[in-house]
Every structure is written in structure tokens, then in C-alpha cells.
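Protein chains in written order, with the working numbering: chain A, 579 to 921; chain B, 579 to 921; chain C, 579 to 921; chain D, 579 to 921.
4 protein chains.
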Amino acid sequence: MIGVGVVGYGYWGPNLVRNFWAIPEADLRWVCDLQTERLGGLRQRFPSIGITENFDDLLNDPKVDAVALATPVSTHFKLAMRALKAGKHVMVEKPIAATVEQAQRLVDEAERRGLVLAVDHTFLHTAAVRKMAELVVNIGEIYYYDAVRVNLGLFQQDTSVIWDLAVHDLSIMDHVLPERPIAISATGMSHVPGEPENIAYLTLFFSSTLIAHVHVNWLAPVKIRRTLLAGSKQMIVYDDIEPSEKIKVYDKGITLSPKGHGGEALNSMKVGYRTGDMRAPHLDLSEALDLELREFLNCIATAGRPTADGQAGLRMVRLLDAASRSLAQRGAIVQIEQERVFA
Amino acid sequence: MIGVGVVGYGYWGPNLVRNFWAIPEADLRWVCDLQTERLGGLRQRFPSIGITENFDDLLNDPKVDAVALATPVSTHFKLAMRALKAGKHVMVEKPIAATVEQAQRLVDEAERRGLVLAVDHTFLHTAAVRKMAELVVNIGEIYYYDAVRVNLGLFQQDTSVIWDLAVHDLSIMDHVLPERPIAISATGMSHVPGEPENIAYLTLFFSSTLIAHVHVNWLAPVKIRRTLLAGSKQMIVYDDIEPSEKIKVYDKGITLSPKGHGGEALNSMKVGYRTGDMRAPHLDLSEALDLELREFLNCIATAGRPTADGQAGLRMVRLLDAASRSLAQRGAIVQIEQERVFA
Amino acid sequence: MIGVGVVGYGYWGPNLVRNFWAIPEADLRWVCDLQTERLGGLRQRFPSIGITENFDDLLNDPKVDAVALATPVSTHFKLAMRALKAGKHVMVEKPIAATVEQAQRLVDEAERRGLVLAVDHTFLHTAAVRKMAELVVNIGEIYYYDAVRVNLGLFQQDTSVIWDLAVHDLSIMDHVLPERPIAISATGMSHVPGEPENIAYLTLFFSSTLIAHVHVNWLAPVKIRRTLLAGSKQMIVYDDIEPSEKIKVYDKGITLSPKGHGGEALNSMKVGYRTGDMRAPHLDLSEALDLELREFLNCIATAGRPTADGQAGLRMVRLLDAASRSLAQRGAIVQIEQERVFA
Amino acid sequence: MIGVGVVGYGYWGPNLVRNFWAIPEADLRWVCDLQTERLGGLRQRFPSIGITENFDDLLNDPKVDAVALATPVSTHFKLAMRALKAGKHVMVEKPIAATVEQAQRLVDEAERRGLVLAVDHTFLHTAAVRKMAELVVNIGEIYYYDAVRVNLGLFQQDTSVIWDLAVHDLSIMDHVLPERPIAISATGMSHVPGEPENIAYLTLFFSSTLIAHVHVNWLAPVKIRRTLLAGSKQMIVYDDIEPSEKIKVYDKGITLSPKGHGGEALNSMKVGYRTGDMRAPHLDLSEALDLELREFLNCIATAGRPTADGQAGLRMVRLLDAASRSLAQRGAIVQIEQERVFA
């Protein structure tokens, strides 16, 4: 049994509580929230769980091995650092921290202490994304990754649509692509005076001809959550709105053959088309969060490394930060700092 | 009767011929193409039309009032200029010319001679775009215009996907929006060695908070032709794949109210949501090209100005040119030269 | 406060419990199930509710005003009759009883005692069906009602797809149509040896030219829940799979004008077409079961009559029974017994 | 070269002319129509084709080997019989004749004379139906065939929606199913005074537990052309509205295992579910009519038998006739006369 405390009982916290509660290997000992009026229903449903507004209660409980944070981004660094320093394993709601420096320090602290630091990129544990990661190795040379995530949605206070929504697509992309972006160009706009951007477009460049693009938007009349991922052999469409056929693999693409006969077109290619079957693989629709939390607990038990570890969280913050800087300069290219090797 | 000659009988020319032929006010006198083997079926179907590979046959025929060009972009300037100088009215396939300077010179020549210069932006004459232009005046402050035009399509030789596909969306946008873009940031990539870009993303900035984005792609597994157009009062979805309900108007949006009580948040706004009915107006699905050609003939008869006149064609070339320059610098912002007033 | 007991805690019972629990006007006193192992989680979540396997505990509790039955159909009559005789108001899961005679006796008993007898036709309280009932009065002369409810679904033991699924469509139809069917022709088939039909087609005739049809199927590769309702002025599509635009109203139809000039075609009509806008009215997606239970409690408090009263339940059983008899004769027409007026 | 004459130049005739014209093996010699004003454009486009209002011109031309009839159903028998008696091969628009007796006599006449008699069931030559016929052999025991063909369509004069639309689905079904129906129950309604039914529902019974159903409707607000075909191993959805993925094969179904332990449920089965991938095979979208006409010409050249021969046409008329009789009796079962073996 691994002792767990959950911090933050707003939008996401109840999901953590419900899922930890259902996992036999977890001993959910505490739920902590500063707004204690939120915790009323909790006391009735789960009378055995300790309820507190004092984060120290978790840190001081020697039976708490791990802390899961579902608090506002601005608090991630401080709370996670305190938990790590108290020797607790930590899972942090995405994004892992508000700045690159903070994320780096959390990663360093966890490495130094040999603690598991996970970031809650739940989408990576969905059947659709797991299938996409499995399929991508067979699609040939990857041409592009294009993600759209728009709807008339929850405008977040004090954060832009990039930090709120694009982080999902960037983390999925980070997980399924074999390459990492080296530069970014982002544009966007705010339509609410005094608030951050509610619409944004990100182009990511790689050292190959792979190109990625993310469109996120809180102000769309329809809900679209669709990713196109095209390779030289196959193309994948991931449509998260589809109830069951979320992943479709198209056996289609282009064929290239030398164009010219003489010397005039040595580098030029003729384009042909190839079209075959489409296949929608069966997806196991078990709950992603359950899988994610079980993996987190298992990493604690076995000193393993979670799918979305602190390094992944740090890479995302680097991208979000670079995107924000490019956006402020209306699309000017911003290089992405490459991963520092921990030594 | 207005005498007409069609030049170029490849992909688009036959549509011009078929439509001019069916309009009683048009006297289709000539079809001209350098590849005369293309013209065989034509002779059989329309024995009364003159067939030639010599452009001068049209220019020298005093009964030819107007020339319609459906030839490669690289020939537009030269052919159109010769036709104008011969006193013919001209309709040019999009884009009107290969460079801003060429486009400007055609506009100037037509103005000087009082001839009609039209550019063949057929989409402007579709029922869907006409309806969108009619609806847009009632959607309140316009937040964004987002267009996607992708499929596994005809890779064009020697031209990029921007000049081939984005020109459609830019011309629709030019027609329906009350503002004109002032700057552009574009990104994209070529996946065929030696060929121009086959995927591109364009962000257009305006002097207000309106933002526009166009995604064009020749290499997508699915066909998407969808535009989102959001205003403060209503939002429009234009989906050209839909067989009949191409335009949907959503009576939804956000409401803004001052957030704070004290002085701390003077500029800050609280966001609320408003959701009402959706409506798909009935569209009159008569052929766009027929309407466009009739308008062209009517402008000749009445000294009128077509929906897509030379100035519109010039504006598009300015945008395409600016997009290409931004793309070459990986998203760097490029200012768009504002319209010169002809004096 | 109205005292309530829920009987049956299998598939549907937990929904009744959760909803009654959340309604302040309800005092949920008992949950009864013969399989007491099902009730474990309940005790933990709702410690104040009495748990029993003895139905008499509910009947003998003078604070229990109403009993809600979510038990197998075969038990409905016996349990409901005992509850009515104990002076309790009763809500019964659909269908109200296994035979017409049983349903009639329940109706009679409730009328005699002045008790509320409701049948749980939850769909009638959904926003979509309420909207459809509101719209139907304006669609002109009603031509047909066509419902399809198919997917790869829960094969029910010991009951046919008609009694399990068609009852939903028949009750919606009963609610929204101004006429009642007078005869039925049904066909179907069982593909599981020894089990009732898993696919069925019902045609219902009315005294006018209105015709209705229901296709229900447990063995379909895709989920379809679509109803077409056509009138002389407007046509409605109710698609329950759509996440939000479940109801679409088409302003289209046919126009009839006398065909002939002379005497030869006096009764003959020429058909024209009329096509206008489509509209998807905004639907208030609050939970149907909550509305239904509140209405039930309100009827108890005010001696009112629920939307789906015992008479509605009886009408449905008459239709199901007639459909089963027609199906056994491979489509032979079966007259539907008309409503007996209670005197 | 096979000499061909086309009779009837209304809705369908021009398609026959265009396709025969494009086939090198066909020598299209005559087009015949009583309404000669229809033939004007034809003379201009195809000056080498003889135009006549006299059917005898075709019969008397020794170079005419085959006649294709695209005239009203009421004329099929008379014209086809005259052509056969003149020694011409014949292709008749569907349905082959207005009565079973007429169809039988045409079949007999063609057999006796050794002439090819084809019925124009174009759908059988589409890529989708050919693929379905290919796939059906692997779907296991076939449970049902369910076809819907509805839209707001062309009300036909003097014929019911069964003879106009259901004939398509019945001929596809006849082609892809390994069994033939033995009885039919049909219902329907006319909503235009003095005209035949515009909505109809047909259930077809077979000697196995296979069941088929066809819903045809001229008065629907949306266009649906969807067939479900379920077997014990796989299920197929054929959606003719889909632009390219018209056929989807679902690797899903039910599994049956004996239910009981003792003697009480010897025949009873427990139902389980199986769900695997979905696959949309690539379809070759070449024109069906072209394939059909080439097959007809080839049968003439090689004394072969077309996919839809006179026997198939006769079987369809038997079904249409049985359906009409059942419909007149509101669903009463009507046995289908089994195929007579020609001797």
C-alpha cells in the first residue's frame, strides 16, 4: 500500500480522489484544499479520508508516500518543491510549473532525491494516444502533425489558451513523435480585454522536414479535437470526438519518382498518389486516469520512470514558454532550448 | 451579344467554354490552346467555334469584345496585357499574375483604357459565400476567421500550395470581411525535394483584434474545407463538404462583464456564455461559374465593376507574395502593402 | 417532504436513488433488493437510508408515501399492486406490466384509491422529446413517424427487443403525436436459439393517412437512434446520438396542386417541392430523470397526473402485446384495443 | 463492333448514349424518342447518330444488334418483345416489366431465341456493391439485411415508391445474399390523393432465420442510403452517401454459449460480445454504367449471361408484385413464387 494525499479539490481533484480510492494499492489518506466548503460532500462519501486545509498535515504524515497536486499552476512549484523536500513522490497537474526555471528545479530536486516526479498528462494514457504511438512507427517518414482543439469552452483566468489547451497537444506530440522540435512560431489574439490569448496557432519546426501545427481556441461554435499525422507510408486521423472510432489509419500517400530525363531536373520529383484501405483499430476504452495513477504508484514501488516524467513536464514548459514569446512578437521564430542532460 | 474568346483548354478552360456557350448574351467565337490535340472533342461538340493556336486570331477579330484566360499563371501578365492593349475586356484565372508589379500594371492598364478586368475567383459566386457575406454584417464584432482547405490533392508543378489553394480562402475572406489585413506570418514545408511548399499555415493580422488563419495542405488523408467565422453576437461555420447545409449560423458566443469590485481589475472582464439556436439557411445551389460569367458580361455591357475586379486580384497577389516571403523566414511578420489609390 | 422507497438496485435503481437523494422534497427512506450484496456501496455512500431485502419494510413504514420499482418486468404487477393496496403512490419502471390485464388492473386500482401511478418513461422528460412535442403542433398534417433504435447492445434475457427497446419509441410517439394507432403489423426474428426476437420492425396504422414505423435491433454494428417526423409544413429529425443538436426542423415539404385540366384526373395531384432553412433549436440539457421524479413528487403533493401515467403505461402494453401477436403471425394486421374509459 | 440503338431520351437515356458513345466496341447507330424536341442537342453533339421517332427504324436496321430501352415501365414489355422477335439483344431499364407474366414471357422469348436479355440494375456494377458481394462470403451465418433509401425526391407519376426505389435494394440484396426470399410482408401509405404509395416498408422472410427489410420513402427531410448487413462473424455497413468510404466492415458480433448447467435450458444460449477493428476497403470508383454496358456487349459477343439477366429482372418483378399485394392487405404475408426452371 502506498500512502497518498491529494491537494486541490476543485475541477480535477475529485477525479484523482475517485480513482485513487478505487485502486487497492493506494491508501488515500488526505485531501487538502484551502476552500474547505468544497470538501463537505467528500466527508460524507469517504469518511475514512482525512480532510484538511493545511498542507503540512500531508507532509508530516509518515504514511504519506506521494502527493498529487491539482491546484492552480501558480502554486505548483512551491507545493511540489515542499513535497519533494519532505521526501514525497509527486504528481503534478499539467503544466508542471509556471516557468522553465521552476520546472528545471523540480526535475533536479526529484533526480537528486531519487523521487518519482510525474506530470499529469492524462491523454497519454488514453487508448487512442497509446494506439497512435504504436502505429506511428510504421507510417514511414513523418511529414507533419496537425492538431486542432477548439470549442466554446471554459475561459481560464490568468492563463492563455496555449498554457491551458495546447499543452495537451504538445504532450501528445512529444509522446508519439520520434523527433523533438527545435524552433517555434506562434500567433494568437485575445478578445477579452485584459485577459491572455483565447485563440492561438503554433507552428513547430524540427531538424528534418517534419512540421507540426497546433490550433487551440476557446471561442469556437463547434467542438473539434482532430489530429492529422501523415507519413510517407500511412496517414493517421485521431478524432477524439468520435465515440469509438477515434483512430483511423489510411493506407494512402504520395509516391515520388524522378521527373526529368535530362540534366535539367536532377532534384525534381514527380508526384503520384496511392490509395488503399482505411482501418479503425479497436480501442480499449478503459479509463486513462486509472491507468496513469496505477503507473505512478508502480513507479514508486519499483523506482521506475513514468510515461510523463518531470523531464517531459519540463520539455512542455519550454515549448509553452517559447510559444508565448513568439506570440508576443507576432510569429517571430523562437529557438527551443534543448534538453539539458542531468549529471 | 458580346463576343468572347477563351484561351487555355486544360483543366478549367472547358468549364468556361461550357458556361459561355450556354449564355445567350455571349457569342463564343474562339478557343485558343497551344496544345491543339486537346481541342479535338471541342470541334465535334461545338462546330461553330473557331479553334486556333494563335492568340492573335482573337486579338485581331473585331467581334471579340472579351478574352477569358485559363492558362498557367506565368503567362497571365503577358496575355492579359496584350488583350488589354488590343482593347479587349479580360477575365483572368486566379491568381491574376505572378508578381505584385505585374498585377499592378494590369490594373493600371485596364483603368487607363476603361476596360473591365476581372479575376476568376469563382467561390465568391457560390451560394454559400454569398450567404456568408450577407450574414457577416449581423454577427457583431468579428473575432476571427479560420479556414482549412486540405485533402490528398493535385500537387501542382512549380507553384506552392499557397498560390494554388490559399488564394481561394484569401479571396473569400477579402470578400466577406469588412477589414483588410495589415501583416502576415506564414509557415510551411515542402516534402517533395525540389518542389515548393505542399503544406502552409498563414496568420493574418488586422488593425483591430480580428485575426485570420488559413491552413492549406495537398497531403491530407481526409478532405476538409471548413471555415469558422466568429463574432461577438453569432458564429458561422461554412463547410463546403456538406452537400446542402454548407452554412450554419450559431446564435452563441461569450458575454463580458466587469470582473472586479474594487480598483484592482479595472480592465479585467468576466466571461459568460450564451447559447441559442443553430440555423442552416437554404442555399440556392445554381452554378457559381454561370453567375460569375453573366456578371462579367453585364459589367462589359454596363461599364460596371465585377465582384472580383483587378484590384481584388492585386490585393490577393500582395497577400500571396507577403505570405511567401514570411514563409521563407519561418513566420517572421511581413507588412502588407496597402492599396494604392488610382489617380 | 415525501417519503420514498426504491425497490430494485440493479441497472436502473442506482439512478433513482441518486436522483431522489438530490431532491430536497424527497425523503429517501428505504432501498430494497433481494440481492443484498448489491447494496454494500450504498450503505457507505448513503448511511441514512434503510437497506432491506424485505419489501414489507417499505409497506409498513407509514412515512413512506411512494414506492419506485426498478425490478424485472415479471414482478411489476405483484409489487405495484401490493404497494397500491398499502396506500402508496407508485412509479414503475417501463413497461408497466407484463400483460394488458395486469396493466389494466393496476390502473383501476390506482384510480379507485386516488393514488398516483406513474410509469418511468424517462425519454418523455428529455429536452429533445419535450421540444419535439412543442414543435409538432406546427408541422401541419402529419405524414409519418419513423424511428430507428439499433446498436450492438445488451441482449435481455427472457424479453424481446420489442418489450425492451420499442417501448421507448412507442412512448415517445404516444406523447408527441395527436393521434393514437388503431392497428399494427410487426415482423422480426430471433438469432439466438431459445431466445425472443432481437430484431423487429413495427408498422402502426392510424385512422388518418398517418403511418408510423419502429425498427429496433440489438445486433447492429453501429448505434443509430434517429426519428423522422414529417408533416405537410415542416419535417423534424430527432437524432439522439448528436451531442447537442438533437432536434433539427426542416422547413421543407411537398406542395400539392390539382393535376389535370379536364375531368379525367379529379382526384389526382401534382407534386411540387418546397425547401427552406433548417433550424436546430437550443436544448436545455438538464437531467431528464430529475425532472421526471420531481414531477412525480409534485403530482403526489397536488393530486396531479404525471406525463406518463398508468393509462399511458397501459396503452404501451397494449401496443407491445399487439406487436408481439402480429410478429408471431409474420406481419398479420392486429387491431389495437382502444382505451377503456374508466367509470 | 456491336450495333446499338437506344430508345427513350428522357432522364436515363442520355446516360446510356454518353456511355455507349465512349465504348469503342459499340457502334451507337440510333436514338429513338417519341418526343423529338428532346433530341435537338443530341443531333448537334453526335451528328453521326441516327435520330428517329420510329422504333421500326432500329428493328429494320440489320446493323443494330442490340437495343437498350429507357422508356416508361408500361412500354417495356411491348418494346422488348418486338426487339427480341426482331432478333435483337435487349437491355431494359428496371423494372424489366410491369407484371410477372410479362417478365416471364420476355425471359422465355429470349431463352428460346438465344438472345441476351439484361435488366439495367446499375447499382450491381458499382464498386461498393461489388465489394459487398465479395465480402459477404466471409461474414458467417447471415442474420439480417436492412436497407434504407429515403430523401425528398422525385415523386414518380403512376408508380409507387416500391416499384421506383425498392427495386434498387431488392436487386442489390438478390445479388449479394446467398438465399432467396420466400415470403414478404409490406406496409406503406400514400400521402398524395389519387397517387400510389410514397412510403413503404418491406420485410422479407427466408427459409433460414435470415430476415431482410427495406425502407423506401420519397418524403424524407434528409437523404439516407444505408444498408446494414450482419453476420455471425462480421457486419457490413454500406453507406452510399459517404463520398469514398462507402463500405465499412466491422469485426464485431455476438458469441453464443450454452446458458444453463442442468436440463432446464437445453436450447437456451448466453450472449457475449466481440468487438474488433473496423475496415473501409478502398473502392475503385469507375463508372458503374460503363462497366455494365461493357458487360452487356461482352455477353452478346460471347453468348454470356449478364450479372442482371432476364431471370434476375423476373425475380425482382415477383418481389415487387408480392410486396404490392401485401401492402394492399396492410402487411399480410404473401408467399413468393419460386423460380421456374426453364426447360
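Just so it is clear, CB atoms sit at the ideal spot from N, CA and C, and this is done for glycine as well.
- Residues of the stretch 903-916 of chain A with a C-beta less than 9 Å from any C-beta of chain B: Ser904, Gln907, Arg908, Gly909, Ala910 and Ile911, listed in chain order.
- Between the alpha carbons of Arg596 of chain C and Gly628 of chain C lies a distance of about 15 Å.
- When C-beta distances to chain A are compared with 7 Å, the residues of the stretch 809-839 of chain B below that value are Met813, Val815, Tyr828, Lys830, Ile832 and Leu834, in chain order.
- Pairwise C-beta distances place the stretch 895-914 of chain D out of contact with the stretch 606-625 of chain D, as fewer than three of them are shorter than 8 Å.
- In the three-state DSSP reduction, Lys848 of chain A falls in the strand class (E or B).
- Cβ neighbours of Leu898 of chain C within its own chain (closer than 8 Å, five residues either side excluded): Pro673, Ile740, Trp741, Ala744, Val745 and Leu748.
- In its chain, beyond the 5 residues on either side, Leu780, Thr781, Leu782, Phe783, Leu897, Ala900, Ala901, Ser904, Ile911, Val912 and Ile914 have a beta carbon closer than 8 Å to the beta carbon of Ile762 of chain B.
- The C-alpha of Glu631 of chain D is placed about 18 Å away from the C-alpha of Gly581 of chain D.
- Short of 8 Å from the beta carbon of Gly665 of chain B, and not among the five residues preceding or following it, lie these beta carbons of its own chain, in chain order: Arg691 and Leu693.
- Among the residues facing chain B, Ala858 of chain C is included, as its CB has a counterpart in that chain under 8 Å away.
- By a beta-carbon distance limit of 8 Å, Gly586 of chain B contacts Thr649 of chain B. Their separation comes to about 4 Å.
- Judged by their CB atoms, Leu695 of chain B and Asp887 of chain B are nearer to each other than the 8 Å cut-off.
- Ranked by how close their Cα comes to the Cα of Val895 of chain A, the residues A:Arg607, A:Asp605, A:Ala604 and A:His654 have A:His654 in first place.
- Leu797 of chain A and Gly831 of chain D have their alpha carbons spaced roughly 41 Å apart.
- Excluding residues up to 5 positions away in sequence, Thr700, His703 and Thr704 lie with their Cβ nearer than 6 Å to the Cβ of Ala866 of chain C in the same chain.
- With a cutoff of 8 Å on beta-carbon distance, Arg607 of chain A and Val642 of chain A are scored as near each other.
- DSSP places Ser835 of chain B inside the beta strand (DSSP E), whose first and last residues are Ile825 to Pro836.
- Counting only the Cα atoms, Val728 of chain D lies some 13 Å from Thr805 of chain C.
- Two segments are said to touch when three or more pairs of C-beta atoms, one from each, lie closer than 8 Å; by this definition the stretch 730-740 of chain B touches the stretch 765-778 of chain B.
- Under the three-pair Cβ rule at 8 Å, the stretch 814-822 of chain A does not count as touching the stretch 816-832 of chain D.
- Only buried fits Thr765 of chain A, as 16 or more other CB atoms lie within 10 angstroms of its CB.
- Listed in chain order, the beta strand (DSSP E) runs fully inside the stretch 747-816 of chain A are 761-767, 777-783, 789-795 and 797-809, counting runs of at least 3 residues.
- The beta carbons of Leu871 of chain D and Phe598 of chain D sit closer together than 8 Å.
- Around Arg623 of chain A, the beta-carbon contacts reaching into chain C at under 7 Å are Arg623.
- DSSP links Tyr723 of chain B through a beta bridge to B:Ala790 and B:Leu807.
- CA-CA distance, Ala706 of chain B to Val685 of chain D, rounds to 51 Å.
- Using a Cβ distance threshold of 8 Å, Val770 of chain D and Met710 of chain D do not count as a contacting pair.
- The Cβ atoms of Ala658 of chain B and Val670 of chain B sit closer than 8 Å to each other.
- Taking the Cβ atoms as the reference, Pro799 of chain D lies roughly 47 Å from Met579 of chain C, outside the contact range of under 8 Å.
- Residue environment: Thr885 of chain B is assigned as buried (16 or more neighbouring CB atoms within 10 Å of its CB, all protein chains considered).
- Counting only the Cα atoms, Thr833 of chain A lies some 14 Å from Gln734 of chain B.
- Contact between Asp752 of chain A and Arg893 of chain A holds, since their C-beta atoms are separated by about 6 Å, short of 8 Å.
- Proximity of chain A to Tyr721 of chain B at the Cβ level (cut-off 7 Å) is accounted for by His769 and Leu797, in chain order.
- In the displayed model, Trp599 of chain A falls within a helix according to three-state DSSP.
- Contact between Met767 of chain B and Ile789 of chain A holds, with the beta-carbon distance rounding to 4 Å and staying under 8 Å.
- Residue pairing of Met856 of chain B in beta bridges, as defined by DSSP: B:Tyr828 and C:Ala858.
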